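Residue 1468 is where the sequence shown starts when you use my numbering, and the numbers rise one by one after that. The beta carbon of each residue, even a glycine, is placed where N, CA and C say it ideally should be. Keep in mind that this is a model prediction, so the values were computed, not measured. Notes follow once the structure below has been shown.
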Amino acid sequence: KHHLIQSYVITIMNFFVPLFITFLMNFEAHKTEGSFQASHYLKIGLFRWFNTVIVLTVITPFTHTLKEKDSLVSTVFGLYLSELTLVPLLNYLDIFGTLARHFYGPRAKNQRQMNLQFKGTKFYLADAYTGMSKLVFLCFWYANIFPAAYFLTALTLTVHYFSYKFAILRSYRAGPKIDTKLAFISRVFIFPVAVLFLFVQANYNWSSFPFDNVCETSTNVTEDYIGDHFIELRNFGEENDPKEDSIQ
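In structure tokens, the structure reads:
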């Protein structure tokens, strides 16, 4: 379906675009690894939050929010489905690490180059943090019109925990020691902002319900619109009996 395809495309973009952001960050100068990870976290986080959460609200027509087919709610459910399946699958497959060990390693020109291919995929803690905060942000943004988001977020975070645990312990290379900047940024800034958006979106969604663009009016309805009305259907040029052509 359309909303499922859209959801998987968003998840794939959340996987590959941060790789390009990481490549660009190699040209930046940072004094510590913690400073690099904090900058990495903010850049990837902003992209994933906008790509996963805010863009859907912008591109979806207002009246399609609760529509039966291809609605905003169905797309959000598709996002959780793609996060539950695609992200753990990519962690377990470790595409770049598998290519390095089984393709580039055996074709290396010398022993040193071959050993470098077996070090494992480089792991960035900011990637795991942004993945977690993205799901929390998605939950708080749409929870008022999609209450199941709370349960789906808990389930998705649990699945992500085990998939990242496997990848970190079995596939990824050991990373450098870093300080607590990422934890501090998430605890003090990111999650309070997510909770703030929970209240803002609750106010907006409940005031917009049922998303049909019908506005309340204080205008009194005249007697001309009260009572039973008949629609008379006639063919042009013919005189028909109004009683036969009337529809109540």
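In its own chain, which residues sit with a C-beta less than 7 Å from the C-beta of Trp1608, not counting the 5 before and 5 after it?
Taking the first residue of the sequence shown as position 1, residue 1608 is located at position 141. Contacts found: Val1520, Phe1664 and Gln1668.
Is the number of C-beta pairs between the region 1479-1494 and the region 1624-1631 that are closer than 8 Å three or more?
The answer is no - the region 1624-1631 does not touch the region 1479-1494, with fewer than three Cβ pairs under 8 Å.
Contact under 8 Å by Cβ, Ser1549 with His1470
Mapped onto the sequence shown, residue 1549 falls at position 82. Mapped onto the sequence shown, residue 1470 falls at position 3. Not a contact, by the Cβ cut-off of 8 Å.
If you check the beta carbons only, do Leu1539 and Thr1527 fall under 8 Å apart?
Locating residue 1539 in the sequence shown gives position 72, where the first residue counts as 1. Locating residue 1527 in the sequence shown gives position 60, where the first residue counts as 1. Result yes, Cβ atoms of Leu1539 and Thr1527 sit closer than 8 Å.
DSSP three-state label for Glu1500, please.
If you number the sequence shown from 1, residue 1500 lands on position 33. Glu1500: helix per DSSP, three-state reduction.
Please determine, among Asp1561, Pro1614 and Phe1697, the residue with the shortest C-alpha to C-alpha distance to Lys1632.
The sequence position of residue 1632 within the sequence shown is 165, counting from 1. Closest option to Lys1632, Cα to Cα, is Asp1561.
Are the beta-carbon atoms of Gly1642 and Phe1590 separated by less than 8 Å?
The residue given as residue 1642 occupies position 175 in the sequence shown. The residue given as residue 1590 occupies position 123 in the sequence shown. The answer is yes: Cβ separation under 8 Å.
How big is the Cα-Cα spacing for Phe1676 and Leu1556?
Sequence index remark: in the sequence shown, residue 1676 carries index 209 (1-based). Sequence index remark: in the sequence shown, residue 1556 carries index 89 (1-based). Between Phe1676 and Leu1556, the C-alpha separation is close to 37 Å.
So is Ile1479 buried or exposed if we call it buried at 16+ other beta carbons inside 10 Å?
Indexing the sequence shown from 1 puts residue 1479 at position 12. When all chains shown are included, Ile1479 counts as exposed.
Would you report the Cα separation of Val1655 and Thr1647, rounded to the nearest angstrom?
On the sequence shown, position 188 is the one that residue 1655 refers to. On the sequence shown, position 180 is the one that residue 1647 refers to. For Val1655 and Thr1647, the distance between alpha carbons rounds to 12 Å.
Does Thr1647 come out as helix, strand or coil in the three-state DSSP assignment?
Translated into the one-based positions of the sequence shown, residue 1647 becomes position 180. Coil, per DSSP.
How close, in whole Å, do the beta carbons of Gln1504 and Leu1649 come, if the pair is a contact with beta carbons under 8 Å?
Here residue 1504 refers to the residue found at position 37 when the sequence shown is read from its first residue. Here residue 1649 refers to the residue found at position 182 when the sequence shown is read from its first residue. Contact holds; Cβ gap of about 6 Å.
Return the bridge partner residues of Thr1588 from the DSSP annotation.
Within the sequence shown, numbered from 1, the residue matching residue 1588 stands at position 121. Per DSSP, Tyr1639.
Do you know how far the Cα of Gln1578 is from the Cα of Trp1516?
The sequence position of residue 1516 within the sequence shown is 49, counting from 1. The sequence position of residue 1578 within the sequence shown is 111, counting from 1. Cα-Cα distance, rounded: 43 Å.
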